[in-house]
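All residue numbers for the sequence shown refer to this note's numbering, where the first residue is 726 and numbers rise by one. Positions of the beta carbon are idealized from the N, C-alpha and C atoms, including for glycine. Note that the coordinates shown come from a computational prediction; the quantities given were computed from them, not determined experimentally. Accompanying notes for the structure given below.
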Amino acid sequence: MGKYEFIINLIDYDLFTDSNQRQVLKKNRLTQQQTEYRLPAKDFIELLDELNRYHRSRNQQTFWKMIEKKYLNLGNQIIR
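Structure below.
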């Protein structure tokens, strides 16, 4: 996990990114399960922008569901 940098924690998840590969690592803090995603360049930038504009006063559950649906979905998942 050395190539990833920590970005944010939401609910039970930590998000890490690798900007060179446009990859996102989602780590469940409770189960330690890790899932990697590779995003198209435009989506990667939009995700970082969404996370940058996020404010803790927003509903974390709703925000997380939107992030998963829009960016961290099966179509972008890296299968190893």
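Sub-8 Å separation of residue i and residue j beta-carbons
| i | j | result |
| --- | --- | --- |
| I803 | Y738 | no |
| F788 | L735 | yes |
Burial state of residue i (16 or more Cβ within 10 Å)
| i | result |
| --- | --- |
| T756 | exposed |
| L799 | exposed |
| I770 | exposed |
| R747 | buried |
| K795 | exposed |
One or two residues paired with residue i in a DSSP bridge
| i | result |
| --- | --- |
| K751 | L740, T760 |
| I733 | L740 |
| Q802 | Y762 |
Exercise for the section: State whether the region 739 to 750 contacts the region 778 to 788, with contact taken as three or more CB pairs (one from each stretch) at a distance under 8 Å. Expected result: In short, these stretches do not touch, since the Cβ pair count stays below three.
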